[in-house]
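Asks: Attaching a single structure in structure tokens format; questions to follow.
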Amino acid sequence: MERGICRKSYQTPRPPPLPLPLPCAEIVPPHDPPDGPERTEYAMNGNELVARILKEEGVAEMTCFPNNPLIEEVAKLGIRPIMFRHERGAVMAADGYSRISDGERFGVVATQNAAGAENAMGGIAQAFGDNVPILVLPGGYPLIERQVRPNFSAVENYRGIVKSVESIDTPAQIAPAMRRAFHALRSGRGGPVVVELTSDVCAQDVPEADQRYDSPGKVRQSPSNGDIREAVTALLAAERPMIWAGSGILTADATEALRELAELLDIPVFTTMEGKSAFDERHPLSLGAGSRATTGAAHAWIVESDTILALGASLTHNGYTQIVPSGKTVIHNTNAPEDVNKDTACAIALVGDARITIKALIDEAKAQTDGQGRTSDAAARLAERQREWMAEWTPFLTSDEAPLNTYRVIHEINTNVDHENSTVTHDAGAPRDSMVPFFTATSPHSYIGWGKTTHLGFGIPLMIGAKLARPDRFCLNFMGDGAFGMSGLDLETSVRAGLPITTVLLNNGGMATYPGGFPTARTQFGVSHMTGNYAAIAEGLGATGITVTQPDDLGDAIRTARTLNDEGHTVLIDVQSNYESKKSRF
2 MERGICRKSY
12 QTPRPPPLPL
22 PLPCAEIVPP
32 HDPPDGPERT
42 EYAMNGNELV
52 ARILKEEGVA
62 EMTCFPNNPL
72 IEEVAKLGIR
82 PIMFRHERGA
92 VMAADGYSRI
102 SDGERFGVVA
112 TQNAAGAENA
122 MGGIAQAFGD
132 NVPILVLPGG
142 YPLIERQVRP
152 NFSAVENYRG
162 IVKSVESIDT
172 PAQIAPAMRR
182 AFHALRSGRG
192 GPVVVELTSD
202 VCAQDVPEAD
212 QRYDSPGKVR
222 QSPSNGDIRE
232 AVTALLAAER
242 PMIWAGSGIL
252 TADATEALRE
262 LAELLDIPVF
272 TTMEGKSAFD
282 ERHPLSLGAG
292 SRATTGAAHA
302 WIVESDTILA
312 LGASLTHNGY
322 TQIVPSGKTV
332 IHNTNAPEDV
342 NKDTACAIAL
352 VGDARITIKA
362 LIDEAKAQTD
372 GQGRTSDAAA
382 RLAERQREWM
392 AEWTPFLTSD
402 EAPLNTYRVI
412 HEINTNVDHE
422 NSTVTHDAGA
432 PRDSMVPFFT
442 ATSPHSYIGW
452 GKTTHLGFGI
462 PLMIGAKLAR
472 PDRFCLNFMG
482 DGAFGMSGLD
492 LETSVRAGLP
502 ITTVLLNNGG
512 MATYPGGFPT
522 ARTQFGVSHM
532 TGNYAAIAEG
542 LGATGITVTQ
552 PDDLGDAIRT
562 ARTLNDEGHT
572 VLIDVQSNYE
582 SKKSRF
């Protein structure tokens, strides 16, 4: 194992001093023309009002790139702006901030207009795919230029990838627009919320009467008593029920309620990729989690169950989810009515907040069973299925191959992190489907699963955002060399911002997601081949680079990374790995 030890790389270089103004230059206040009227003590322009509203809403940090008048205005109020190396990274960090905050706080990101708003689209689409509430504040062209081709309009172009979007067309609109934005963030299904800050409008003073802001509360709903009663009756009558838990369990702070329900009715729990960590995977009733890949027990219950209780889940079908087979009795809880009967036929709909719904199910189950609940042999059957499955996979997880097998890398991460005080995530492609079934999630957000749309490189900014929201946690992302090319420069952001994370990178010289893809293009033209000394790149960005070539060295490297993170140093572990393509798919 080789470690970069240059301590100079830990020091963030000071920015050059700002140039002094020319001796003859006249310094003019930015908002008042030289011959204009003097501003009163109540004067406040649109950008200042937006900043004040963010402060009132408890926003303490804002990610950004590269320019927006709001950056300076929030800084004046003590809100910390964190500059990323690309708009996409800034948006993705806001996403990570929101995911780990469970609706108590929201990631906020500012970009400039034009190319800035355009570059942000990938990150916004990722948050939309996973229903993550973030507040996006792009700059906008002046009103008179907005409709001129090819000027970019967020309102016109974001509609398909956001929960809501509006532009500021008059100073009087700012406070109500921000109220609508925070209502959308707090209530209903999550998603990106966009307020486009039209440049000339937001530079104008806002009349004192229009500066009032009323913060909206959170709106939660519950299913009817009759639907709850019918759902419990169906569960008690089922021969082999299972619970299908989604990310709504996490956002509703319903993990303890979920455990109580599962134990009361003795029902095994499967979590979706986005819901992973909503149920302790060490629990005897845990089936584990699934993307396209899943555990042996989860696959068995998905196939053999007769009744499925989906909680806080959309039951969306795509290439990165398990699918509910036809012929099941499906009881579907979601906070979005449009999810019901969308992709999965539903017998009983329980539209409402997941925690409220689960507590109602618990009360009704106790009432229908005189407080005794339900018992079965589910835990024993589940354990046997898991033993059979692990017998097949243990040789991969403990492999002594060099270059390292992907599953040995996952095993070492799983063994050497403090799960209750860590947040781990995969990246898109092979790391996702390799890791989701095998990493043991224990407590809420010990793992962050993502990927109804799968943007390579999401892991680095996601973990920076998680670290920003929860600086007490050890934050680790597991990615391939292809993903690193999409966001690797934001290791420097991690260093500069004092938000140390650890990246474990599979350096196998190519794209392992497509091991058999395009053989002619690969053989004749080198398509998918890629090389790099990623530990050295990390050193050049001010982080610590560690190279691992032997399996027995990886555990020590991860423990070293934990120590260095605690000391404030960002770490990249460059693992020389193989092209392992086997996945736990059925």
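Be aware that the sequence shown starts at 2, since it is given in our numbering, and climbs by one per residue. Just so you know, even glycine gets a beta-carbon here, dropped at the ideal spot from N, CA and C.
(1) By Cβ distance below 7 Å, which residues in the same chain neighbour residue 216 in space, the five residues on each side in sequence not counted?
(2) Which residues bound the alpha helix (DSSP H) around residue 385?
(3) Would you tell me roughly how many angstroms separate the C-alpha atoms of residue 61 and residue 389, rounded to the nearest one?
(4) Which runs of the beta strand (DSSP E), 3 residues or longer, sit entirely within the segment 116-148?
(5) Let's see if you can read the secondary structure: which residues bound the alpha helix (DSSP H) around residue 545?
(6) Decide if residue 43 is buried, meaning its Cβ has at least 16 other Cβ atoms within 10 Å, or exposed.
(7) Using a Cβ-Cβ distance under 7 Å, would residue 538 count as near chain D?
(8) Tell me which same chain residues have a C-beta within less than 7 Å of the C-beta of residue 277, skipping the five on either side of it?
(9) On the DSSP bridge list, what partners appear for residue 448?
(10) Quick one: is residue 576 buried, meaning 16 or more other Cβ sit within 10 Å of its Cβ, or exposed?
(11) Mapping the DSSP letters down to three states, classify residue 407 as helix, strand or coil.
(12) What distance in whole Å lies between the Cβ atoms of residue 302 and residue 326, which are believed to be in contact at a cut-off of 8 Å?
(13) Look at residue 319 and residue 164 and say whether their C-beta atoms are less than 7 Å apart.
(14) What whole-angstrom Cβ distance do residue 239 and residue 445 have, given they're in contact under 8 Å?
(15) Among residues of its own chain, excluding the 5 on either side of residue 32, which ones have a beta-carbon nearer than 6 Å to its beta-carbon?
(16) In chain order, what residues of the same chain have a beta carbon less than 8 Å from the beta carbon of residue 579, not counting five sequence neighbours either side?
(17) Roughly how many angstroms lie between the CA atoms of residue 51 and residue 175, to the nearest whole one?
(18) Which residues does DSSP list as the beta-bridge partners of residue 278?
(19) Less than 8 Å between the CB atoms is what I'm expecting for residue 598 and residue 64, so what's the real figure, rounded?
(20) Residue 475: which of 500, 147, 117 sits nearest, CA to CA?
(21) Quick check on DSSP: helix, strand or coil for residue 416?
(22) Given that a residue counts as buried once 16 or more other Cβ atoms are within 10 Å of its Cβ, and exposed if not, what is residue 322?
(23) Can you check which of these residues, 298, 399, 420, 419, is closest to residue 412 by C-alpha distance?
(24) State the Cα-Cα distance for the pair residue 229 and residue 307, rounded to the nearest angstrom.
(25) Output the distance between the C-alpha atoms of residue 310 and residue 353, rounded to the nearest integer angstrom.
(26) Just the C-alpha distance for residue 409 and residue 431, rounded to the nearest angstrom, thanks.
(27) Nearest-angstrom Cα distance between residue 372 and residue 498?
(28) Could you pull out every residue in the same chain whose Cβ sits closer than 8 Å to the Cβ of residue 556, ignoring the five residues on either side in sequence?
(29) Just the C-alpha distance for residue 197 and residue 495, rounded to the nearest angstrom, thanks.
(30) Can you tell me whether residue 562 is buried or exposed, with buried defined as 16 or more other CB within 10 angstroms of its CB?
(31) Less than 7 Å separating the beta-carbons of residue 528 and residue 522?
(32) Going along the chain, which residues of its own chain have a beta-carbon closer than 7 Å to the beta-carbon of residue 179, five neighbours each way excluded?
(33) Tell me the rounded alpha-carbon separation between residue 584 and residue 434.
(34) Using CA atoms only, rank isn't needed, just tell me which of 120, 75, 101, 135 is closest to residue 487.
(35) Taking the C-alpha atoms as reference points, what is the distance between residue 491 and residue 299?
(36) Going by C-alpha to C-alpha distance, which of 440, 254, 370 sits closest to residue 104?
Replies: Result, derived from the coordinates:
(1) Cβ neighbours of residue 216 within its own chain (closer than 7 Å, five residues either side excluded): 57, 58, 183.
(2) First-last of the alpha helix (DSSP H) with residue 385: 379-398.
(3) Residue 61 and residue 389: Cα-Cα distance of roughly 49 Å.
(4) Listed in chain order, the complete beta strand (DSSP E) runs (minimum 3 residues) inside the segment 116-148 are 135-141.
(5) Where residue 545 is concerned, there is no enclosing alpha helix (DSSP H), although the beta strand (DSSP E) it sits in stretches over 545-549.
(6) The residue in question, residue 43, is exposed, as its Cβ has fewer than 16 Cβ neighbours within 10 Å.
(7) Among the protein chains of the structure shown there is no chain D, as only one such chain exists.
(8) Result list for residue 277: 290, 437, 442, 448, 450, in chain order.
(9) Paired residues: 425.
(10) Answer is buried; the Cβ neighbour count reaches 16.
(11) In the structure shown, residue 407 sits in a helix (DSSP, three-state: H, G or I).
(12) About 11 Å separates the two Cβ atoms, so there is no contact after all.
(13) 7 Å or more divides the Cβ of residue 319 from the Cβ of residue 164.
(14) Contact doesn't hold; Cβ gap of about 28 Å is too wide.
(15) Legend: pLDDT at residue 32 = 43, less than 50; position of this residue unreliable, value from coordinates given subsequently. Beyond the five residues adjoining it in sequence on each side, residue 32 comes within less than 6 Å, by CB distance, of 46 in the same chain, given in chain order.
(16) These residues qualify, in order along the chain: 402, 404, 405, 406, 407, 509.
(17) Roughly 7 Å separates the two Cα atoms.
(18) None, per the DSSP bridge assignment.
(19) Residue 598 lies beyond the residue range present for the chain, which begins at 2 and ends at 587; the question has no answer from this structure.
(20) Out of 500, 147, 117, the CA that lies nearest to the CA of residue 475 is found in 500.
(21) For residue 416, the three-state secondary structure derived from DSSP is helix.
(22) Flag for residue 322 reads buried.
(23) For the residues 298, 399, 420, 419, the minimum Cα distance to residue 412 belongs to 399.
(24) Those two C-alpha atoms are separated by around 19 Å.
(25) The alpha-carbon atoms of residue 310 and residue 353 are separated by roughly 14 Å.
(26) Residue 409 and residue 431: Cα-Cα distance of roughly 14 Å.
(27) C-alpha separation (whole angstroms): 53 Å.
(28) Leaving aside the five residues that flank residue 556 on each side, the residues in its chain whose CB is nearer than 8 Å to its CB run, in chain order, 413, 416, 417.
(29) The straight-line gap from Cα to Cα measures roughly 28 Å.
(30) In summary, residue 562 is buried, with 16 or more beta-carbon neighbours lying within 10 Å of its beta-carbon over all protein chains present.
(31) Yes, the pair counts as a contact, with Cβ atoms nearer than the cut-off.
(32) Apart from the 5 residues on each side of it in sequence, residue 179 sits with its Cβ closer than 7 Å to the Cβ of 51, 54, 196, 214 in its chain, given in chain order.
(33) Their Cα atoms are separated by approximately 7 Å.
(34) Looking only at 120, 75, 101, 135, the smallest Cα-Cα distance to residue 487 is reached by 120.
(35) One Cα belongs to residue 491, the other to residue 299, and the distance between them is close to 36 Å.
(36) Checking every option, the nearest Cα to that of residue 104 belongs to 254.
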